[in-house]
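Undergrad: Structure provided below as structure tokens; questions to follow.
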Amino acid sequence: YTQQSGTLEKSWGRDGVPDELEPFAKQHRVQNVTLVTTFEDAAKAIQNGYPVAVCSGQGFSMTLRDGYLTPSGSWAHCMMFLGVRWKPYPALYCENSWGNCYSGTPDKNVPAAFQLSGGWVKAATCTSMLSGEDSFAVAGFDGFKPRQLPDNWLRGIL
106 YTQQSGTLEK
116 SWGRDGVPDE
126 LEPFAKQHRV
136 QNVTLVTTFE
146 DAAKAIQNGY
156 PVAVCSGQGF
166 SMTLRDGYLT
176 PSGSWAHCMM
186 FLGVRWKPYP
196 ALYCENSWGN
206 CYSGTPDKNV
216 PAAFQLSGGW
226 VKAATCTSML
236 SGEDSFAVAG
246 FDGFKPRQLP
256 DNWLRGIL
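Heads up: the sequence shown begins at 106 in the numbering used here, then just goes up one per residue.
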């Protein structure tokens with residue numbers, strides 16, 4: 106199950122994972138989801154502690170500009186909106202799953218662990234990304250045991 110083919114992933118989305126993977130999937134259930142289609146709805150969810158899995162075809166430049174991602178091209182990819190800011194522009198923080206993949210000028214107010222693996226996306230682009238009706242706020246995570254994090258790893262953001 107380590108090779109990506111597109112066909113396999115589509116079948117899992119349609120039919121579910123194979124029976125032998127069900128016990129592993131049950132260890133980390135999400136109890137509740139709600140459809141999110143606008144920047145405002147995503148911001149409300151995030152401000153209440155619920156991240157948003159955002160699925161869209163929006164691509165971005167791989168160079169951060171003062172912590173912001175610049176829309177460019179397209180890629181079909183699921184990422185996570187996990188932060189909100191209102192100034193200097195209303196935006197959501199979009200975390201990628203590719204590790205430290207961005208270059209440029211990150212937002213130094215964001216925890217170091219996230220500075221080069223995501224960036225801020227302006228509100229209009231967020232709403233465009235969310236308008237496809239395939240992005241969801243998630244809640245009720247099950248099976249993730251608490252763990253000790255380094256002191257002040259969020260630098261007082263939360």
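For each residue, glycine too, the CB sits at the ideal point set by N, CA and C.
These figures come from a predicted structure and were not determined experimentally.
1. Count the other CB atoms within 10 Å of the CB of PRO193; is the residue buried (16 or more) or exposed (fewer)?
2. Hey, would you say THR230 sits closer than 8 Å to GLN163, going by beta carbons?
3. Between which two residues does the alpha helix (DSSP H) carrying MET234 extend?
4. When burial is assigned at 16 or more other CB atoms within 10 Å of the CB, is LEU263 buried or exposed?
5. So, with DSSP's three-state summary, where would you put GLU238?
6. May I ask which residues mark the beginning and end of the beta strand (DSSP E) holding SER202?
7. Would you call the CB atoms of VAL122 and ALA130 closer than 8 Å?
8. Between the stretch 246-256 and the stretch 140-154, do at least 3 Cβ pairs fall closer than 8 Å?
TA: Working from what's here:
1. For this step, residue 193 is matched to residue 88 along the sequence shown. Exposed is the label assigned to PRO193, since fewer than 16 other Cβ atoms lie within 10 Å of its Cβ.
2. Residue 230 sits at position 125 when you count from the first residue of the sequence shown. Residue 163 sits at position 58 when you count from the first residue of the sequence shown. Yes, the Cβ-Cβ distance between THR230 and GLN163 is below 8 Å.
3. The residue given as residue 234 occupies position 129 in the sequence shown. Unbroken alpha helix (DSSP H) run through MET234: 228-235.
4. Reading the sequence shown from its first residue, position 158 is the one you call residue 263. Below a pLDDT of 50, predicted positions are generally treated as unreliable, and LEU263, at 48, falls in that range; the measurement from the model is reported next regardless. Flag for LEU263 reads exposed.
5. Residue mapping note: residue 238 aligns to position 133 of the sequence shown, counting from 1. It is coil, neither helix nor strand.
6. Counted from its first residue, the sequence shown places residue 202 at position 97. Per DSSP, SER202 belongs to no beta strand (DSSP E) and is neither H nor E.
7. On the sequence shown, position 17 is the one that residue 122 refers to. On the sequence shown, position 25 is the one that residue 130 refers to. Yes.
8. They do not touch, by the three-pair rule.
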